[in-house]
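If you use the numbering used here, the sequence shown corresponds to residues 13 to 302, in order.
Reviewing the structure listed below.
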Amino acid sequence: MIRQADESCLRKIWDSLEEHRAVFKSYDAYLAFGRKSPDKIFWRRCLGQLEIAVMDEWRGQKEIGVIWLLRCRREREGYWLEFLIQQAKKQGLKSLVTSPLTQRDSRPFLSFGFYPYQHLDILRKNDLRTSPPTNTPVLLRPFQDEDQEELLLLDNRSFDQFWWMDEQSLKDIIDSQEVSFFYVAGESRKLRGYILISFERDYAHLSRIAVDPEYQGRGIASALLDRGIQFLRRRGVRSISVSTQANNYRSKALYRKFGFRETGESLCICRYDLSGDQSLSGEIRVSGNW
13 MIRQADESCL RKIWDSLEEH RAVFKSYDAY LAFGRKSPDK IFWRRCLGQL
63 EIAVMDEWRG QKEIGVIWLL RCRREREGYW LEFLIQQAKK QGLKSLVTSP
113 LTQRDSRPFL SFGFYPYQHL DILRKNDLRT SPPTNTPVLL RPFQDEDQEE
163 LLLLDNRSFD QFWWMDEQSL KDIIDSQEVS FFYVAGESRK LRGYILISFE
213 RDYAHLSRIA VDPEYQGRGI ASALLDRGIQ FLRRRGVRSI SVSTQANNYR
263 SKALYRKFGF RETGESLCIC RYDLSGDQSL SGEIRVSGNW
């Protein structure tokens, strides 16, 4: 029987996550999520192993759910996916997506009726000593709390709706210790762009970069990226990666200009539309007890 997580079992589930802890930035973040959304963490003990699934809304979008984590025995994947689809329907969701997956990790989802929805290519820059010369066409400064509202509006203008940042995601970023470089372009209430970079030891990841469409093509993205790379270089970081949509040619051109190269690695977000899907084989019971 699949069970919902409750206060009594949250610690046991965390201890068993190990390499999957990247889903949550910290134990405190995991605990806050589990207490706020006990109906989003599910578990089942099978043959002495703890099987776990974590669901949530996709970037605060009420009609799209996301499976952040599914860890179970291979022969149980179909059972779990059927259960998660059932839960998504009960919550009134219209579609269910996966986290970005490697080709290998996406196979059980594709076999179950999910389809490839978003393809992401991974690029990497291994020499931070070199960058193209850039001019700074606008004030660059650290993000401040009073920028939150304007930044979300800018973000929504800059990306397709599926990729919008929501208020909770921004709050998580602000609270996270992993975000090491968070700069904006422009004065308060007149933001033109922003950049988010996280790093640990000598490796960094470009999490987000955006420029208001009205101001694109003026060198703002280059100025932000150059400032970020300078910051990383001073701290001894040797490599930075970024993942971007396979058809986002404009962003890829920017990254190549700065010495990023495609690694040949890619990720895929898979999607399952809940309206008109195949009937489920039967009701799967859920319990709230450990």
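Virtual Cβ for every residue (Gly too), placed ideally from N, Cα, C.
Model, not experiment: these values are computed from the prediction.
Check, Outcome
"Work out the CA separation of ASN147 and ILE252 for me, nearest whole Å.", "22 Å"
"List the whole-angstrom C-beta distance separating LEU140 from ILE241, where the pair is believed to meet the contact cut-off of C-beta under 8 Å.", "6 Å"
"Distance check for ALA222 and TRP55, CA to CA, integer angstroms please.", "38 Å"
"Over the uninterrupted alpha helix (DSSP H) stretch that includes ARG262, give me the two end residues.", "261-269"
"Could you check the C-alpha separation between LYS74 and ARG213 for me, to the nearest Å?", "37 Å"
"Quick check on LEU81: does DSSP put it in helix, strand or coil?", "strand"
"SER253 lies in the beta strand (DSSP E); which residues open and close that run?", "251-257"
"I need the boundaries of the beta strand (DSSP E) containing GLN16, first residue and last residue.", "14-16"
"Is MET177 near ARG262, with beta carbons less than 9 Å apart?", "no"
"Could you tell me which uninterrupted alpha helix (DSSP H) segments, each at least 4 residues in length, are contained entirely in the segment 96-140, listed from first to last along the chain?", "115-123"
"Output the distance between the C-alpha atoms of ASP285 and VAL109, rounded to the nearest integer angstrom.", "9 Å"
"Closer than 8 Å by C-beta to GLY300: which residues in its own chain qualify, once you throw out the five before and the five after it? Chain order, please.", "Residue placement at GLY300 cannot be trusted, given a pLDDT of 34 that sits under 50; what the coordinates show is reported in the next sentence. These residues qualify, in order along the chain: ARG15, GLN16, ASP18, PRO50."
"Could you tell me the distance, in whole angstroms, from the CA atom of PHE126 to the CA atom of ARG247?", "42 Å"
"Any idea what DSSP makes of LEU22, helix, strand or coil?", "helix"
"Can you list, in chain order, the residues of its chain with a C-beta nearer than 7 Å to that of ARG230? Leave out the 5 residues immediately preceding and following it.", "PRO149"
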